[in-house]
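Trainee:
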Amino acid sequence: MERTLVLIKPDGVERNLIGKIISIFEENGLRVVALKKTKLTKDQAKAFYLVHKDRPFYEDLTTYMSSGPIVAMVLEGKDAIKRTREIMGATDPKEAQEGTIRKLFGLDKEKNTVHGSDSPESALKEIPFFFSEQELIALI
Ligand code: IDP
Ligand code: MG
C-alpha cells in the first residue's frame, strides 16, 4: 500500500468537478484517506511548488494556484503514486491520453485541473504540507 497527495486545482473546483474527479480515482481502486477544501496564499503556493522556483512558469503557476479554492486529498492504494499519475495524464492536456482526467477536463498546460505527487519522496513532503498526523491516523 502506498499514499499520495492529490490536489483538485482552482479550475476544477470552479467548474464544479470535485465529485467527478474523486469518482474517477475511486473507480480505479484508490481510496480517499483524508480530504479537505482549502485556499492557498501566494506564499503557500510558492512553498508547495518550491522545486520549480527557477522555471519560467513559477510566478504564474503560484498566482494561479492561490487564485481560488482547491481540494487536497490523500489517496491510498497499491502503487498509488504511479497509478494516480497515469489516471491524471500528461501535464499538457493536449498530450494527455484519452480518458485521463487532464484530457477530459484540463484547460491548458497550467490549468490542468489536478496535481499528483511524482515520487515517494515528493509524497512524503506533500502529504504533511496539507494534513496533520492526527488527520491521517487510523482513517481506514
Ligand atoms: P506535473 O503537474 O505533471 O507533475 P510539473 O512539470 O511538475 O507537472 O509542473 C507543475 C505544474 O506547473 C503543472 O501541473 C502545471 O500546472 C504547471 N506547468 C508545468 N509546465 C508548465 C508550462 O510550460 N507552462 C505553464 N504551466 C506549466
Ligand atoms: Mg510535478
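Residue 318 is where the sequence shown starts when you use the numbering used here, and the numbers rise one by one after that. Glycine included, each C-beta is placed from N, C-alpha and C at the ideal position. Small disclaimer: the values here were computed from a predicted structure and weren't measured.
#1: Quick check: what's the CA-CA separation for A362 versus I444?
#2: Please list the segments of the beta strand (DSSP E) lying wholly inside the stretch 318-343, counting only runs of 3 or more residues, in order along the chain.
#3: Considering Cα atoms alone, identify which of D328, D425, Y375, K399 is closest to K359.
#4: Can G423 and P410 be called in contact, C-beta distance under 8 angstroms?
#5: Assuming L515 and S434 make a contact with CB atoms under 8 angstroms, what is their CB distance in whole Å?
#6: Considering only C-alpha positions, which residue in the set E450, K420, G385, V388 is nearest to R402?
#7: Within a Cβ cutoff of 7 angstroms, which residues of the same chain sit near I404, ignoring the five residues on either side of it in sequence?
#8: Spell out the partners DSSP gives H432 in its beta bridges.
Mentor: Reading off the structure:
#1: On the sequence shown, residue 362 is found 45 positions in, with the first residue counted as 1. On the sequence shown, residue 444 is found 127 positions in, with the first residue counted as 1. Cα to Cα, A362 sits roughly 14 angstroms from I444.
#2: 319-325
#3: Taking the first residue of the sequence shown as 1, we reach residue 359 at position 42. Ranking the options by Cα distance to K359, first place goes to Y375.
#4: In the sequence shown, counting from the first residue as 1, residue 423 sits at position 106. In the sequence shown, counting from the first residue as 1, residue 410 sits at position 93. Contact flag set, yes.
#5: For the chain, the structure presents residues 318 to 457; residue 515 sits outside this window and is missing.
#6: In the sequence shown, residue 402 corresponds to position 85, counting from 1. Checked all of E450, K420, G385, V388; the closest Cα to R402 is K420.
#7: Numbered from its first residue, the sequence shown carries residue 404 at position 87. These residues qualify, in order along the chain: I341, F342, N345, T417, I418.
#8: By 1-based counting over the sequence shown, the position of residue 432 is 115. L324, per the DSSP bridge assignment.
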